[in-house]
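Inspection log for the structure reproduced underneath, given as structure tokens.
In my numbering, the protein residues as written are 833 to 1263.
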């Protein structure tokens, strides 16, 4: 049972998707909105949410599922699927994302094994995404952009080497969507002007709006200095002019704000012409934890986007993003208390249950209104192989219960429930 704030009649409540849903990307197709987010080391990968009003969202599937899973390899914490982008072109939906093998992480973050790939479908409600089409351009947080002449541009975050290197920059090539091969050599199109210690440019998105090309970039790193910057230019590759208004989105300019680390945004337009943005943010539990502990991870937030007379956008009219966002154009959402119950009817797990890593063999089954787990030799500190089924925590305060039977055959066997952060940090109640 979760509890939440009650919004006014003209306000919606942030976050719009509670719990770990980082790096959101969203599009509108007709009257429908589709949103994807990072899944990191968890499976199924790339959750796909749907909405018709931007406020109420439903999980409808995953870009990576049993039909097109990509790896049974062990992954360290925060490896796996990074920052997907969802786009729609010529009646086809595309998800482009990065599979990062964090076992290869070095202290300076790069290099590690990166595999950018695309999955596609003509109907995301069917959850029938294609097998991955792998790309030959390295980097993370890939973006797809179609120009008016049909040229497809692939942009990624990647380090700049040489005297000015050491930080992530934005690289771009023209892409053959049939083969996954780049048609041109990747070129650096953007370098952050922020101080060297936070000069991280990630999550690029290229747009063509009213005849002008825009580049939106997440900058400042993955913690308290994260912000979203916006730039414009005469082509999909720039050169880029930075907004004179400063960051499009930057809540951490006020260290006391209860919502921090805003960024990694995507923007889109409603049928009535109004613009909105989805982005990640965190809710620190205590003021002293502004750059540290946030129990629910990086969640998905929403804001309106307004454009000034010179063609520059700002989220929430340049004001801080808040929990209750006044917006007469959207329905109010209370995020009222709700109860989630799963009696394990049917023959498979329902959407919302996850595994740590891609299971290499079925050690669970659903039958007779029961979820049965077969124990393995792996402990919760292992990288894979543990008999562990997870569900995201989506409220700060809640009551959780489970009816469980356990039939051990050895003294060393154990079963129970776990409050899971990762393989390093978790609390168990077990027998």
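In this text, a Cβ means the ideal position worked out from N, Cα and C, and glycines have one as well. Just so we're clear, the structure is a prediction, and the values are computed from it rather than from any experiment.
DSSP three-state assignment for residue i, whether helix, strand or coil
i	result
residue 937	Note that residue 937 scores 44 on pLDDT, short of 50, meaning its location in the model is unreliable; the coordinates nonetheless yield the value given after this. If DSSP states are grouped into helix, strand and coil, residue 937 belongs with coil.
residue 1084	helix
residue 1028	helix
residue 957	helix
residue 1069	coil
residue 1017	coil
residue 1006	strand
residue 1219	coil
residue 1098	strand
residue 1093	strand
residue 1202	strand
residue 1207	coil
residue 1195	coil
residue 1229	coil
residue 1001	strand
residue 942	Low confidence applies here, because residue 942 scores a pLDDT of 46, under 50, leaving its location unreliable; read the following figure in that light. Coil at residue 942, not helix or strand.
residue 1248	strand
residue 857	strand
residue 947	strand
residue 1237	coil
residue 1061	strand
residue 967	coil
residue 1263	coil
residue 952	strand
residue 842	coil
residue 1044	strand
residue 837	Model confidence at residue 837 stands at a pLDDT of 49, short of 50, so the residue's coordinates are unreliable and nothing is read from them.
residue 1214	coil
Beta-carbon proximity list for residue i, same chain, < 6 Å, skipping 5 on both sides
i	result
residue 1172	none
residue 1224	851, 852
residue 1082	1059
residue 1147	1080, 1081, 1109, 1135, 1137
residue 978	921, 984
residue 1183	891
residue 1021	1002, 1004, 1069, 1070
residue 1243	none
residue 1048	1037, 1062
Sequence-distant residues of its chain with Cβ nearer than 7 Å to residue i (five each side left out)
i	result
residue 919	859, 926, 976
residue 1051	1024, 1026, 1032, 1033, 1059, 1061
residue 849	881, 889, 1131, 1132
residue 1030	1052, 1053, 1057
residue 1245	1207
residue 1126	1114, 1115, 1116, 1117
residue 957	892
residue 923	954
residue 1257	none
residue 990	970, 971, 1000, 1001, 1003
Run of the beta strand (DSSP E) containing residue i, from where it starts to where it stops
i	result
residue 1108	1107–1114
residue 849	It is not in any beta strand (DSSP E) - residue 849 carries neither H nor E in the DSSP assignment.
residue 1033	1033–1041
residue 977	972–978
residue 1055	Counting along the chain, residue 1055 falls outside any beta strand (DSSP E), and DSSP gives it neither H nor E.
residue 1256	From DSSP, residue 1256 is part of no beta strand (DSSP E); its letter is neither H nor E.
residue 986	984–991
Sequence-distant residues of the same chain with beta carbon closer than 8 Å to residue i, five excluded per side
i	result
residue 1181	1196, 1198, 1203, 1221
residue 1019	1003, 1004, 1005, 1069
residue 969	948, 986, 988, 1003, 1005, 1007, 1014, 1018
residue 1165	839, 844, 845, 848, 887, 888
>> Please give me, in chain order, every unbroken run of the beta strand (DSSP E) with length at least 3 that falls completely inside the stretch 1119–1192.
In response: 1131–1139, 1145–1147, 1156–1158, 1185–1188
> Are there three or more Cβ pairs, one per stretch, closer than 8 Å when the stretch 894–908 is compared with the stretch 843–860?
Replying inline: no
> At a cut of 8 Å, does the stretch 1072–1079 reach the stretch 1101–1120 through at least three beta carbon pairs?
Replying inline: no
> Just checking, does the stretch 872–885 make contact with the stretch 1237–1249 on the three C-beta pairs under 8 Å criterion?
Replying inline: no
> Can you list the beta strand (DSSP E) stretches of 3 or more residues lying completely in the stretch 859–936, in chain order?
Replying inline: 864–868, 877–883, 890–896, 912–921, 924–933
> Using 8 Å as the threshold, is the stretch 1185–1197 in touch with the stretch 1132–1147, meaning 3 or more CB pairs across them?
Replying inline: no
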